[in-house]
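Using the working numbering, you'd call the opening residue of the sequence shown number 111 and step up by one each time. Report on the following structure.
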Amino acid sequence: MTLGVTAEAGSTVLLPALIGWANAAEVLYTGRWVDAPTAVAYGLAREVSAPGKVLDRALEAAALIAPNPIASLVATKQLLITARFETVRAARLRESAVFDGLEGGPANLEALAAFREKRPADFSGL
């Protein structure tokens, strides 16, 4: 939105599914960055690790996963990934059509000019 175009890459389907419609709308409408505590609150991350403890926490998680049968892990991962494939594919087609219609338009050109000139974009006249 802040670049005068729209969301893409299936984010209009994936983000609401992950963090809820209201949170996704806020993030997509405002372009606000999601910090680590908010990512945990939204369910995008499991926890915020203390500085220098990320590897330790990753190894703890790996120790819980490693004893499981590899074929079951691979199959489960494939099922998780493919469960939304068709929905995301359809969303990407819709998003691309809308994105292409906005790309190069007045709002997009103003956003890009503002970025180059290191100033806030002014969409008020559009």
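Here a beta-carbon is modelled for each residue, glycine too, at the ideal position from N, C-alpha and C.
Item                                                                                                                                           : Value
List the whole-angstrom C-beta distance separating A119 from R226, where the pair is believed to meet the contact cut-off of C-beta under 8 Å. : Not quite, the Cβ-Cβ distance comes to about 24 Å (not below 8 Å), so this is no contact.
What is the rounded straight-line gap between the Cα of V144 and the Cα of V158?                                                               : 13 Å
Counting along the chain, where does the alpha helix (DSSP H) carrying F209 start and finish?                                                  : F195 to L212
Could you spell out the range, first to last residue, of the alpha helix (DSSP H) harbouring S159?                                             : S159 -> no alpha helix (DSSP H), and no H or E assigned at all.
Indicate the three-state DSSP secondary structure (helix, strand or coil) for V144 in the structure shown.                                     : coil
Check each candidate in Y152, R194, I175 and G153 and name the one with the smallest Cα separation from V123.                                  : R194
Is it buried or exposed, I129, if we count other Cβ atoms within 10 angstroms and call 16 or more buried?                                      : buried
Can the beta-carbon of A221 be found less than 8 Å from the beta-carbon of P230?                                                               : no
Below 8 Å on the Cβ atoms is my guess for L183 versus I175; work out the distance and round it to an integer in Å.                             : 7 Å
CA-CA distance, A173 and L212?                                                                                                                 : 48 Å
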